[in-house]
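Peer 1:
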């Protein structure tokens, strides 16, 4: 029995670490961390990590491949978009469509180079990392004296990618947010129980009733807490909708589709997968095309949050995304990792960022701590894998 | 002979949950070649790892008495200092380094801080001569063949002043000629007084070189046969290994009707992917009928795997010409997917390298080549996938607690079954099996043969590539002999003997160096 509990603890180690770290910062900031506005900040400040890490996860699954160019591409695409909307006066819809198109084109070029020309991913994307930062900065300095193009007048753009749904004043209870939380919690509970019932009916191994109840109670508690806090902070942030939709879509792709399955098997053994009749080059191509599209969406969110495009936008975003994946248990060699794990990893990094900012830790120390957390996560991962192997 | 050089007394070694060795006693006399045989997982390698200090003193029970003294080896260096050197199955050579550098890796010549390269290379040349290699020690390892690499390993062991040499499956990746040369070298060393222990699956080799044979089964030594006194033959050894008489190593096929031609290949020519002027497969013609097992026999490097892979959706080679007909329809397969769609399956030779996804479950591996069979518009039906994996597990008698088990944890024989399940699930008409029983033990081989028989009984065609002659003769209806990229002979299995097949190969090699 004892070993069963240890197993459960091990499986959810990162989740437990996340809770402990959260409690640590709550205590260290004398409860500031627990305030409604900081729940809101956790989501709005880290939305980019969730979305980029989703794309990065798909790349990493194929064999530990990464995209170093996404941060610089956010800067470049943001400056192109800002110039289109704010300087050239083009329509918001047209600009968004064109930005997406540029993202798709970049993804195709990158995917082609990596999948069909066999350029090592980190070199191909290192080129982008350098070039797009330069390009983005050049475009901005051509179009403004300050190196930054403001988008604050474009209300439509703001509404689409930042701000609140059915916004209410801070401090007041936003009923729609609360109801959305209750509905989400109910769906989670129903899904948990119906999955178990279906498994039992067909005679498969299913989790025990106790563990399903515990899982459901914890999930409901977390969702309702978030809903309550967000309701007090003015409503559901629009980015949350983007993040949740993207996470749900990719959860489905990675766990339920044949396409998703191939990402995993390629990472584990590309040659086997190829000889099993899978077009492995196409999968590699899609991984980077997908990454570029998600980077474009990230650009919308980031420029909208800052209400401007500037030359430092997206700095180190690629590293945050990789770190979120690795901390979330995505293998640096490919073949394993889940969206859920990545979400936990991204949240953990977000909590550490926010907690340290609230504590007033200076930026240098923040970097040091993040580096150590990343290293610790990888070492933990390797040790856990070793333990399993010797079992 | 007569002096006991090594005695391992009452060795017991436990891993968490398993007793790998149980009170093993093992005695080797000076100047003999002692063969250690047993099925996979019987404990041969564990025993040798105890001896060489890979499992240090204290992690096992019992005593190692070497040259009259009780030894306590804490690491490999300790046993090597005493002259016990082990050569592992997987070659431990660095491909990008020269023979000389490899030979003294970890044992460098010169002073403590500087390597004396002149001494290194001149000594290396000396040892190379001893193993009969004419290569210069400046040649890179990657530029010589596996047979020669194996000899370099032996030279490396000699350089360590080996007195007791342990060879773990030394011929597993060698062809017949190279294997024979290696065994002869062992016999030559014996004359000079060297003591050797050989671990091998190839019983004909055991009979050829060994003075004594110790059989290990389920972690204990069952018996030691003395080739000078006992009447030792392969059947006798197998009986000891499996604990029962195997009357027929190759199950009989009953009432299998051989029908019309199912697949035919004409004028098939393939060029090397990098050195495009080199012809790897040269105007090959062959066919396989429904319900028939066709064996393709050839030495390693004859081009068998290259032929199979080039047929399987051009997975190998460039400038492929020739025609291929499946079920009376001429096909031009441009990718593995098209090959699978035309009901051709290629069960690869290298289970770990390109056959299975080791980190993934039996379930995932079973469905990998036919995801359409377990999905609806790209969405996986998890129930169906699970049920199919279970179905094949039961059908092929794969030993595993659950199909969620990761394939890397299975034994070779069970991995091979998963690999077969994967391809059977694509519902092929023609299966090309490349070395289907390599590295798996006698019992599992028999089961694989039974599966092959079931396949042809169901009207499928099987092309079996093998470098084991008894297996080729025992399992095939018809045999094609391949050498240097060409098909040099075809004969019904009833007429085939080991002698006439080897003779055909030697003849066609046309004044080859070793013929």
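Residue numbers (this note's numbering), protein chains in the order written: chain L, 867 to 1257; chain C, 6 to 520. All residues carry an ideal CB built from backbone N, CA and C; glycine is no exception. No experiment lies behind these values; they were computed from the predicted model shown.
Would residue 1259 of chain L count as contacting chain C if we go by Cβ distances under 7 Å?
Peer 2: The structure shown does not extend to residue 1259 of chain L, since chain L spans only 867 to 1257, so no value can be given for it.
Peer 1: Between residue 242 of chain C and residue 33 of chain C, how many whole angstroms is the CB-CB distance? I'm expecting something under 8 Å.
Peer 2: In fact, because the Cβ distance is near 18 Å, the residues do not count as touching under 8 Å.
Peer 1: Counting contacts by CB-CB distance shorter than 7 Å, is residue 1134 of chain L in contact with chain C?
Peer 2: So yes, residue 1134 of chain L belongs to the interface.
Peer 1: Who does residue 292 of chain C pair with in a DSSP beta bridge?
Peer 2: DSSP, once it has assigned bridges, lists C/269 as partnering residue 292 of chain C.
Peer 1: Start and end of the beta strand (DSSP E) containing residue 492 of chain C?
Peer 2: That run of the beta strand (DSSP E) goes 491-497.
Peer 1: Give the interface partners of residue 1155 of chain L over in chain B, defined as CB-CB distance under 7 Å, in chain order.
Peer 2: Looking for chain B here will not work: the only protein chains present are L and C.
Peer 1: Leaving out the 5 sequence neighbours to the left and right, which residues in its chain are closer than 7 Å to residue 165 of chain C when beta-carbon positions are compared?
Peer 2: The answer, listed in chain order, is 85, 90, 112.
Peer 1: I'd like to confirm something about residue 26 of chain C: is its beta-carbon nearer than 6 Å to some heavy atom of the ligand SAM, or not?
Peer 2: Judged by which ligands are present, the structure shown has none, so any question about the ligand SAM falls away.
Peer 1: In the DSSP output, which residue or residues are listed as bridge partners for residue 1113 of chain L?
Peer 2: Per DSSP, none; premise fails for residue 1113 of chain L.
Peer 1: From the DSSP output, read off the bridge partner residues of residue 12 of chain C.
Peer 2: Answer is C/32, C/70, bridged to residue 12 of chain C.
Peer 1: Is the number of C-beta pairs between the region 473-483 of chain C and the region 269-280 of chain C that are closer than 8 Å three or more?
Peer 2: Result no; under three Cβ-Cβ pairs closer than 8 Å.
Peer 1: So, under 8 Å CB-CB, residue 153 of chain C and residue 108 of chain C are touching, yes? Tell me the CB distance rounded to an integer number of Å.
Peer 2: Not really, about 13 Å apart at Cβ, beyond 8 Å.
Peer 1: Please decide whether residue 959 of chain L counts as near chain C, where near means a Cβ-Cβ distance under 7 Å.
Peer 2: Residue 959 of chain L does not count as touching chain C.
Peer 1: In terms of residues, what are the limits of the alpha helix (DSSP H) holding residue 1018 of chain L?
Peer 2: Run containing residue 1018 of chain L: none; DSSP gives neither H nor E here.
Peer 1: Answer yes or no: does any C-beta atom of chain L fall closer than 7 Å to that of residue 374 of chain C?
Peer 2: Yes, its Cβ sits closer than 7 Å to a Cβ of chain L.
Peer 1: Taking the alpha carbon of residue 272 of chain C as the reference point, which residue from C/261, C/284, C/265, C/263 has its own alpha carbon closest?
Peer 2: Nearest of C/261, C/284, C/265, C/263 to residue 272 of chain C, Cα basis: C/284.
Peer 1: Spatial neighbours of residue 281 of chain C within its chain, please: CB distance less than 6 Å, with the 5 preceding and 5 following residues excluded, ordered by chain position.
Peer 2: These residues qualify, in order along the chain: 323.
Peer 1: In terms of alpha-carbon separation, which member of C/101, C/56, C/36, C/98 lies closest to residue 79 of chain C?
Peer 2: When only C-alpha atoms are compared, the closest one is C/56.
Peer 1: Following the continuous alpha helix (DSSP H) through residue 126 of chain C, name the residue where it begins and the one where it ends.
Peer 2: It spans 122-135 - the alpha helix (DSSP H) in which residue 126 of chain C sits, taken as one unbroken run.
Peer 1: Whose C-alpha, out of C/159, C/118, C/195, C/403, is nearest the C-alpha of residue 134 of chain C?
Peer 2: Among C/159, C/118, C/195, C/403, the Cα nearest to that of residue 134 of chain C is on C/159.
Peer 1: Just list the alpha helix (DSSP H) runs in the region 1156-1234 of chain L, keeping only unbroken ones of 4 residues or longer that don't cross its boundaries, in chain order.
Peer 2: For the region 1156-1234 of chain L, whole alpha helix (DSSP H) runs of length 4 or above, ordered along the chain, are 1183-1193, 1205-1225.
Peer 1: Unbroken beta strand (DSSP E) runs of length 3 or more, entirely within the region 972-1022 of chain L: which are they?
Peer 2: Fully enclosed beta strand (DSSP E) runs of 3 or longer: 1014-1016.
Peer 1: The region 1094-1125 of chain L: which residues have C-beta closer than 8 Å to a C-beta of chain C, in chain order?
Peer 2: Answer set for the region 1094-1125 of chain L: 1122, 1123, 1124, 1125.
Peer 1: At a CB distance below 9 Å, what residues from the region 1138-1164 of chain L approach chain C? Give them in sequence order.
Peer 2: Under the 9 Å Cβ criterion, the region 1138-1164 of chain L contributes 1138, 1139, 1140, 1141, 1142, 1143, 1144, 1145.
Peer 1: If you draw a straight line from the alpha carbon of residue 31 of chain C to that of residue 347 of chain C, how long is it in whole angstroms?
Peer 2: Their Cα atoms are separated by approximately 54 Å.
Peer 1: How should residue 211 of chain C be labelled, buried or exposed, when 16 other C-beta atoms within 10 angstroms of its C-beta is the threshold for buried?
Peer 2: Counting Cβ neighbours within 10 Å, residue 211 of chain C comes out buried, since at least 16 surround it.
Peer 1: Is the separation between the beta-carbon of residue 1258 of chain L and that of residue 1189 of chain L shorter than 7 Å?
Peer 2: An answer regarding residue 1258 of chain L cannot be provided, because it is not within the stretch 867 to 1257 covered by chain L.
Peer 1: My output table needs one value for residue 513 of chain C: the three-state DSSP class, helix, strand or coil.
Peer 2: The answer is helix: DSSP assigns residue 513 of chain C an H, G or I state.
Peer 1: Any idea what DSSP makes of residue 112 of chain C, helix, strand or coil?
Peer 2: In the structure shown, residue 112 of chain C sits in coil (DSSP, three-state: anything other than H, G, I, E or B).
Peer 1: Kindly identify the DSSP beta-bridge partner or partners of residue 91 of chain C.
Peer 2: DSSP output for residue 91 of chain C lists C/171 as bridge partner(s).
Peer 1: On the three-state DSSP scale, how would you describe residue 201 of chain C?
Peer 2: Strand at residue 201 of chain C.
Peer 1: Contact between the region 1138-1155 of chain L and the region 981-999 of chain L is defined here as three or more beta-carbon pairs at a separation below 8 Å; is this criterion met?
Peer 2: With a cut-off of 8 Å, the region 981-999 of chain L and the region 1138-1155 of chain L count as touching, because enough Cβ pairs lie within range.
Peer 1: Taking 7 Å as the CB-CB limit, is residue 365 of chain C close to chain L?
Peer 2: Residue 365 of chain C counts as touching chain L.
Peer 1: How about residue 1047 of chain L: is its C-beta nearer than 7 Å to some C-beta of chain C?
Peer 2: For residue 1047 of chain L, the answer is no, since every Cβ of chain C falls outside 7 Å of its Cβ.
Peer 1: Of all the residues that make up the region 332-348 of chain C, which are near chain L by a beta-carbon distance shorter than 9 Å?
Peer 2: Hits within the stretch, in order: 340, 341, 342, 343, 344, 345, 346.
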